[in-house]
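Pasting the structure below:
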């Protein structure tokens with residue numbers, strides 16, 4: 161697939177979650193790299209602490225890495241994992257990058273994440289080794305969510321581009337996700353992510369001050385829809401790369417095209433484009449790409 165994509169002038173960005181599944185091949189082939197007991201059951205698992213959206217926190221249940229053990233052989237497991245991903249993709253987006261700076265830990269068997277605690281991650285030690293072993297690896301850091309100074313420091317150290325989601329840009333007057341607030345072009349801008357609403361449905365649900373800020377910061381051009389205005393905001397930003405979900409170009413609703421709903425295990429990642437884009441849409445995308453010099 162990668163070879164064929166290159167022949168069409170297309171590069172592939174692939175996702176790599178920080179954690180792996182307990183019943184996955186990674187754990188069973190390298191149990192010594194994880195926090196497991198003598199019966200190979202997890203002693204602790206991953207998740208997120210309680211917040212305004214989740215009073216019990218998030219109990220993901222993935223086994224936690226034994227970072228001290230991994231350090232002993234120079235993080236070889238991570239070098240092999242990222243190296244293999246680079247064979248499949250041109251660019252790898254590492255999900256939950258903040259977990260390398262500090263990660264939330266929950267006792268195995270707990271019913272929720274309320275009683276978890278934070279631990280220090282491998283930080284610069286890991287990425288000094290990774291960048292030396294894989295100097296040509298192109299990595300995007302998913303730096304969304306609860307971001308603390310140590311996460312920002314690690315991102316600066318690695319030089320990896322972070323993410324800017326425009327759907328997050330209108331909750332505050334000068335939110336960091338507003339293009340006029342970007343402090344670097346070393347970032348990737350998105351209208352929305354795979355975990356978010358389709359922009360058409362997102363716009364329809366806006367209300368109050370958030371809606372007012374959106375209308376102020378993202379005015380429409382003549383004949384332009386609100387979805388198209390957000391696409392244009394992304395494309396005209398200073399970010400080195402702009403990612404527009406195809407569902408947004410098609411102006412699909414959540415019911416028609418949402419990719420993923422977090423915390424729901426079934427029914428996600430099933431959307432497929434039903435047909436080739438029309439000649440009109442192809443021309444629109446081409447012209448916007450040329451106008452914003454992203455071609």
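In this note's numbering, the protein residues as written are 161 to 455. Idealized CB from N, CA, C, for every residue including glycine.
Distance, Cα to Cα, residue i vs residue j?
i	j	result
residue 399	residue 249	21 Å
residue 217	residue 265	11 Å
residue 179	residue 356	21 Å
residue 171	residue 198	44 Å
residue 324	residue 367	22 Å
residue 284	residue 364	43 Å
residue 443	residue 379	23 Å
residue 345	residue 423	32 Å
residue 425	residue 163	32 Å
residue 389	residue 181	39 Å
residue 193	residue 340	43 Å
residue 381	residue 349	21 Å
residue 167	residue 173	16 Å
residue 353	residue 332	19 Å
residue 186	residue 296	24 Å
residue 219	residue 271	8 Å
residue 376	residue 369	10 Å
residue 417	residue 307	29 Å
residue 233	residue 177	22 Å
residue 430	residue 437	19 Å
residue 371	residue 385	15 Å
Please classify residue i: is it buried, with 16 or more other beta-carbons within 10 angstroms of its beta-carbon, or exposed?
i	result
residue 461	Residue 461 is absent from the model: the chain starts at 161 and stops at 455.
residue 243	exposed
residue 446	exposed
residue 273	buried
residue 387	buried
residue 394	buried
residue 206	buried
residue 309	exposed
residue 188	exposed
residue 228	exposed
Using a Cβ-Cβ cutoff of less than 7 Å, which residues in the same chain neighbour residue i once the five nearest sequence positions on both sides are dropped?
i	result
residue 322	301, 303, 315 and 347
residue 337	324, 325, 326, 328 and 329
residue 433	406
residue 412	358 and 360
residue 374	330 and 366
residue 237	190, 193 and 230
residue 441	409
residue 175	253 and 255
residue 305	258
residue 204	195, 224, 265, 266, 267 and 268
In the DSSP assignment, what residue or residues form a beta bridge with residue i?
i	result
residue 440	DSSP, once it has assigned bridges, lists no residue as partnering residue 440.
residue 280	262
residue 253	175 and 300
residue 315	Residue 315 is not bridged to any residue.
residue 206	265
residue 225	194
residue 218	208
residue 347	322
residue 403	350
Leaving aside the five residues before and after residue i along the sequence, list all residues of the same chain whose C-beta is less than 8 Å from its C-beta, in chain order.
i	result
residue 391	351, 359, 404, 408, 409 and 448
residue 239	289, 290, 293 and 294
residue 428	419, 420 and 421
residue 311	257, 258, 261, 262 and 303
residue 210	216, 217, 273 and 274
Excluding five sequence neighbours on each side, which residues of the same chain lie with their C-beta closer than 6 Å to the C-beta of residue i?
i	result
residue 320	299 and 301
residue 200	191
residue 317	284
residue 452	395 and 396
residue 235	286 and 289
residue 383	none
Contact between the region 271-281 and the region 235-249 (3+ Cβ pairs under 8 Å) = The answer is no - the region 235-249 does not touch the region 271-281, with fewer than three Cβ pairs under 8 Å.
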